[in-house]
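Position 227, counted from 1, in the sequence shown is what my numbering calls 259; the numbers after and before it change by one each time, with no gaps. To keep things clear, I will list the structure first and then write my remarks on it.
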Amino acid sequence: MGKDKLKRFEENKTFKSLFQPEFEEVFRKDYHMKGRWHKEYFRNDNPLVLELGCGRGEYTVDLARRYPNKNFIGVDIKGARLWRGARSVTEENLTNAAFLRTRIEFIEWLFAEGEVAEIWITFADPQIRRDNKRLTAPMFLERYKKFLIPGGIIHLKTDSPYLHEYTSALVEKNNLEVVSIIKDVYGSIASGDIPVELAGLLSIKTHYEEQFIAQGHPITYLSFKLTSDKKIVAPEWDHDKYPR
Ligand SMILES: C[S@@+](CC[C@H](N)C(=O)[O-])C[C@H]1O[C@@H](n2cnc3c(N)ncnc32)[C@H](O)[C@@H]1O
Numbered sequence: 033m034g035k036d037k038l039k040r041f042e043e044n045k046t047f048k049s050l051f052q053p054e055f056e057e058v059f060r061k062d063y064h065m066k067g068r069w070h071k072e073y074f075r076n077d078n079p080l081v082l083e084l085g086c087g088r089g090e091y092t093v094d095l096a097r098r099y100p101n102k103n104f105i106g107v108d109i110k111g112a113r114l115w116r117g118a119r120s121v122t123e124e125n126l127t128n129a130a131f132l133r134t135r136i137e138f139i140e141w142l143f144a145e146g147e148v149a150e151i152w153i154t155f156a157d158p159q160i161r162r163d164n165k166r167l168t169a170p171m172f173l174e175r176y177k178k179f180l181i182p183g184g185i186i187h188l189k190t191d192s193p194y195l196h197e198y199t200s201a202l203v204e205k206n207n208l209e210v211v212s213i214i215k216d217v218y219g220s221i222a223s224g225d226i227p228v229e230l231a232g233l234l235s236i237k238t239h240y241e242e243q244f245i246a247q248g249h250p251i252t253y254l255s256f257k258l259t260s261d262k263k264i265v266a267p268e269w270d271h272d273k274y275p276r
């Protein structure tokens with residue numbers, strides 16, 4: 033392991049805003065913060081928003097700056113990436129943001145029923161053909177359903193036509209309510225086609241996003257309400273239709 037990485041891992045241990053549960057603390061077992069994030073960490077009842085696969089946490093940090101009346105937690109398994117976000121939160125003393133180093137597969141053991149209002153999924157790997165890894169596949173949505181409030185929103189921002197179209201097809205198949213769908217985020221912002229507040233939210237750029245934009249990939253956005261009494265099912269889907 034590189035020296036820089038080791039240094040970051042050491043510094044990570046000093047950040048009060050960074051939670052790094054051990055495997056045994058979250059594997060098929062409720063984490064001690066489950067159901068207690070508001071009371072014991074944020075010390076308010078403001079809505080809690082997660083960013084899943086947050087990497088360096090650009091969305092978590094910038095949303096926390098813009099919305100002091102909401103709470104934010106960025107989740108990722110990579111400690112060296114989370115270091116960047118946790119350091120910004122510490123330096124700026126952002127009391128409404130935190131980071132959580134864990135596998136998203138364990139998420140239902142970290143948040144309690146009704147504890148989360150919204151989820152952002154930012155530039156997740158599309159995981160072509162790997163239904164057990166794709167963050168918008170039924171297996172994951174069923175887990176998110178366990179802790180999202182009724183009417184809770186999922187925001188998906190991606191460069192991947194595969195992930196965008198797969199998720200749109202899943203939303204349609206399960207009769208979920210679409211809140212917003214934008215096929216070219218920056219084109220729509222430039223032409224003033226979307227409301228100012230949403231344009232502001234969507235103009236936050238992540239590390240991976242900067243790279244995808246430089247490669248000329250259009251960025252898309254889809255938001256929908258994950259409210260359904262029925263089990264979420266996969267759409268009929270041609271894995272070869274979209275190359276990425
Ligand atoms: C392509 S990167 C995007 C990072 C960041 N959102 C951005 O746009 O710069 C995907 C991130 O998701 C994380 N990730 C993917 N699957 C995960 C899982 N099952 N549990 C935790 N983190 C995961 C990876 O570690 C990685 O940091």
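Virtual Cβ for every residue (Gly too), placed ideally from N, Cα, C.
- The DSSP-derived three-state label of L84 is strand.
- In this structure, V211 sits away from I181, with a CB-CB distance that is not shorter than 9 Å.
- Inter-segment contact for the stretch 128-142 and the stretch 83-100 is present: three or more beta-carbon pairs are separated by less than 8 Å.
- Within 10 angstroms of the beta-carbon of K262 lie fewer than 16 other beta-carbons, which makes it exposed.
- Note that the C-beta distance between H196 and T252 is below 9 Å.
- Following the DSSP letters along the chain, one finds A129 inside the beta strand (DSSP E) bounded by residues A129 to R133.
- For I221, the uninterrupted alpha helix (DSSP H) run begins and ends at V217 to A222, by DSSP.
- Between E83 and W152 a beta carbon distance of about 4 Å is seen, short of the 8 Å cut, so the two are scored as contacting.
- For ligand 1, the residues with a Cβ under 5 Å from any of its heavy atoms are, in chain order, G85, G87, D108, I109, K110, R135, I136, T154, F155, T238, H239 and Y240.
- Non-local C-beta neighbours of G146 in its own chain, meaning closer than 6 Å and more than five positions away in sequence, comprise I181, ordered along the chain.
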